[in-house]
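**Q** Read top to bottom, the protein sequences are chains A and B. Residue numbering for the first sequence follows our numbering, beginning at 1 and increasing consecutively. Residue numbering for the second sequence follows our numbering, beginning at 1001 and increasing consecutively. Glycine included, every Cβ here is placed at the ideal spot set by N, Cα and C. A quick note: this is a predicted structure, and the numbers were derived from the prediction, not measured.
There are 2 protein chains.
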Amino acid sequence: MRDEAALFAALGDDTRLGLVARLGEGPSSIAGLTRGGDLTRQAVTKHLYVLERAGLVSCARLGRESLWELRRQRLEEARAFLDVMSQRWDDRLERLRVYVEDHKP
Amino acid sequence: MRDEAALFAALGDDTRLGLVARLGEGPSSIAGLTRGGDLTRQAVTKHLYVLERAGLVSCARLGRESLWELRRQRLEEARAFLDVMSQRWDDRLERLRVYVEDHKP
DNA sequence: TAAATACGCAACTCTTTGGTTGCCTTTTCG
DNA sequence: CGAAAAGGCAACCAAAGAGTTGCGTATTTA
């Protein structure tokens, strides 16, 4: 899977998007992220691993708990990709011209 | 599924991301999108429906072919979401301060 | 030291999903 | 008109994913 797709796939889940949002407030442990929600600790852990594989979060063990934090750089990369796609779509008239050109009889 | 998650989920697939990229160059028919790739027409169709449900593309029937095009607005929404997440993560020191504050003995 | 807390690992279930094949309708064009 | 091109619909399959339970290991803390 290409890099950006993995990134978006990691973000494309309610639970994980919620975790990203919570980690956006600051680092947290697994137990901390589990509290309040209606998920199992293991479910949360799995989602964190998915986010980690996508490069969106990182983990540091601190005593008996592991602190997870968001990696801002990766979010920027996703944003940059959307920028390119969006800009390419910028000039609608130009696109239309090209399209009509290509379909001339 | 919340709106943004569906958006990212739609983008979180190699094939679909490829389709988005190709549609970024301009509108295209299903047969056009199928040509060149190694996918079945039906596979392409299914992916287009996924993108459509996410609001990323729209379709207009033209004669015997259906022209699909990218919806720029939706890309912007995804980008805006990432902006918020990223900005929230902006001040690392402030976050650290809050975290230490919360964990005071 | 013993209980409680935080976490890792593994097996299992159930649903989603990416992809296929087969067949049928509509439109274009020689 | 008749063949070919574009596409819709439905059934089917294999793999991935989300979530759970159960059990074992470290680390605090009373």
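1) Let me see if you follow: with CB-CB separation under 9 Å, is Ala6 (chain A) close to chain B or not?
2) How many whole angstroms separate the CB atoms of Leu56 (chain A) and Arg74 (chain A), which I take to be in contact at a CB cut-off of 8 Å?
3) Does the beta-carbon of Glu25 (chain A) have 16 or more other beta-carbons within 10 angstroms, so that it is buried, or is it exposed?
4) Between Val20 (chain A) and chain B, is any beta-carbon pair separated by less than 9 Å?
5) When the Cα atoms are used, what is the spatial distance from Thr1034 (chain B) to Glu4 (chain A)?
6) Hey, does Ala1060 (chain B) have any beta-carbon neighbour from chain A nearer than 9 Å?
7) Identify every residue that forms a DSSP beta bridge with Val1057 (chain B).
8) Take Ser1086 (chain B) and list the residues in its own chain whose beta-carbon comes closer than 8 Å to its own, dropping the five residues that flank it on each side.
9) Output, in chain order, the set of chain A residues within a Cβ distance shorter than 7 Å of Gly1024 (chain B).
10) With a threshold of 8 Å, are at least 3 pairs of Cβ atoms found where one atom belongs to the segment 6-25 of chain A and the other to the segment 1004-1021 of chain B?
11) Along chain B, which residues have their Cβ under 8 Å away from the Cβ of Asp14 (chain A)?
12) Which same chain residues, not among the five before or five after Ser66 (chain A), have their C-beta less than 8 Å away from its C-beta?
13) Per DSSP, what kind of secondary structure is Leu39 (chain A) in: helix, strand or coil?
14) Please identify, using Cβ separations under 9 Å, the residues of the segment 31-62 of chain A that lie next to chain B, in order along the chain.
15) To the nearest angstrom, report how far apart Gly63 (chain A) and Gly32 (chain A) are at their CA atoms.
**A** With the structure as the only source:
1) Yes, Ala6 (chain A) lies at the interface with chain B (some Cβ there is under 9 Å from its Cβ).
2) Confirmed, Cβ separation roughly 5 Å.
3) With fewer than 16 other Cβ atoms within 10 Å, it is exposed.
4) Taking CB atoms only, Val20 (chain A) has a neighbour in chain B less than 9 Å away.
5) Computed Cα separation, rounded: 22 Å.
6) Not one chain A Cβ lies under 9 Å of Ala1060 (chain B).
7) Beta-bridge annotation (DSSP): Val1057 (chain B) is paired with B:Leu1070.
8) Here the set comprises nothing.
9) For Gly1024 (chain B), the residues of chain A that pass the 7 Å Cβ criterion are Met85, Arg88 and Trp89, in the order they occur in the chain.
10) Three or more beta-carbon pairs drawn from the segment 6-25 of chain A and the segment 1004-1021 of chain B are found closer than 8 Å, and the two stretches are therefore classed as touching.
11) In chain order: Met1001, Arg1002 and Ala1005.
12) Counting only residues of its own chain and dropping the five nearest sequence neighbours on each side, Ser66 (chain A) has a CB closer than 8 Å to the CB of Ser29, Ile30, Cys59 and Ala60.
13) Looking at Leu39 (chain A) - three-state DSSP - the assignment turns out to be coil, as it is neither helix nor strand.
14) Within the segment 31-62 of chain A, no residue has a Cβ that lies closer than 9 Å to any Cβ of chain B.
15) Their Cα atoms are separated by approximately 15 Å.
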